[in-house]
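In the UniProt record's numbering, the protein residues as written are 1 to 217.
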């Protein structure tokens, strides 16, 4: 499982980020000041750190210098939107720089990009009778290739990365379609119905009442 540390002193924002990350299957810890962040980094190995700049006790730039030898990718999350701050952060080694306020869909997309850049996900996934090759984007069962549309493939990959996690319809739509979810639309349900039949996940891909769907493995 991917483990992410959120270093953000605004607790409501920190809680929102944590909830969004956990909703799509990431493990997530939080730190409300720089000293707590450094303690957690010393105690545990993280795959990614989301780091505010303006923090109590130890600021984000100082934390970035501290963790740089550990080669942990960092995305800055900050209200400081000056070009100078952005350039400084990127030159110090940050992978990305997101200015507040931001949409959670944008955050999740950028997290996904950075994790893939660092090869934090396997190139081949074997799950629930399927083999998913993320390099060739081929899906097969018992050696036979299953042809999927791009949307079906991306939905499949989302569930494969988040086994046994209930995914909200709006999360699926926002991650796959890249747009804000419109309540009442049946787009997600129709695509999942077709996907179930194609890959043989009629039992594994289950509906969760008033939430969305969960892949049980």
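Using N, Cα and C, we set each Cβ at its ideal position, and we do this for glycine too. All of these numbers come straight from a predicted model, not from anything done at the bench.
query	result
C-beta atoms of residue 7 and residue 52 nearer than 8 Å	yes
Proximity winner among 56, 196 and 80, relative to residue 31 (alpha-carbon distances)	56
Residue interval of the beta strand (DSSP E) (run including residue 166)	Segment: none, residue 166 is in no beta strand (DSSP E) and carries neither H nor E.
Enclosing beta strand (DSSP E) for residue 66 [first to last residue]	No beta strand (DSSP E) holds residue 66; the alpha helix (DSSP H) holding it covers 60 to 67.
Contact test: residue 101 Cβ vs the ligand COA heavy atom, cutoff 7 Å	The ligand content of the structure shown is nil, which means the ligand COA is not present either.
Buried or exposed (CB count within 10 angstroms, at least 16 for buried), residue 136	exposed
Own chain partners of residue 187 with C-beta closer than 8 Å, once the 5 adjacent residues on each side are dropped	173 and 177
Start and end residues, beta strand (DSSP E) containing residue 31	27 to 31
Closest by C-alpha distance to residue 165, when choosing among 16, 26 and 79	26
Rounded straight-line distance, which links the Cα of residue 154 to that of residue 217	19 Å
3 or more residues per run - each beta strand (DSSP E) lying fully within the region 84 to 144	96 to 99, 124 to 127, 130 to 133 and 138 to 141
Counterpart residues of residue 48 in DSSP-defined beta bridges	4
Distance CB(residue 114)-CB(residue 48) smaller than 8 Å	yes
Backbone CA spacing between residue 205 and residue 140 [nearest angstrom]	17 Å
Enclosing beta strand (DSSP E) for residue 188 [first to last residue]	Residue 188 -> not in any beta strand (DSSP E); alpha helix (DSSP H) instead, spanning 187 to 199.
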